[in-house]
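A.B. asks: First residue of the sequence shown? That's 1 in UniProt numbering, and the numbers climb one at a time after it.
Built from N, CA and C at the ideal position, the CB exists for glycine as well.
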Amino acid sequence: MTILWHGDAVRELEEAALYYRGIHEELGQKFVSTTEVVLAEIQARPVMRRKFDGEAQKARLKRFPYAVVYWVDQAELHIIAVMHLHREPGYWHGRLDE
1 MTILWHGDAV RELEEAALYY RGIHEELGQK FVSTTEVVLA EIQARPVMRR
51 KFDGEAQKAR LKRFPYAVVY WVDQAELHII AVMHLHREPG YWHGRLDE
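This is the structure in structure tokens:
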């Protein structure tokens, strides 16, 4: 399955990783590896989670207040956002149409 990242989702991932690295290098690495585990789980079972906003699905990161927001289209996995769970819910809605 091909992963297609929205540019803003890439930025969100990088900013969160930098934030956690600023606290402690290992914490930043743990954030990135936790995100990679979630992406592998999504690829293995892309429609496992229920849709929560139109076609969007959400996969939470363990130990971090973040989730990967995505939608699946045949053989493509579209990463829409790497969102903080306690800030501006739904800010990424406009990305669904891009």
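1) Three Cβ pairs or more, each shorter than 8 angstroms: is that satisfied between the segment 55-68 and the segment 81-98?
2) Buried or exposed for PHE52, going by 16 or more other Cβ atoms inside 10 Å?
3) Measuring CA to CA, which of ARG50, ALA17 and GLY7 is closest to PHE64?
4) Taking the continuous alpha helix (DSSP H) assigned at VAL68, which residues delimit it?
5) Could you tell me which residues DSSP pairs with THR2 in its beta bridges?
C.D. replies: Short version:
1) yes
2) exposed
3) ALA17
4) Counting along the chain, VAL68 falls outside any alpha helix (DSSP H), though it belongs to the beta strand (DSSP E) covering 66-73.
5) GLU76
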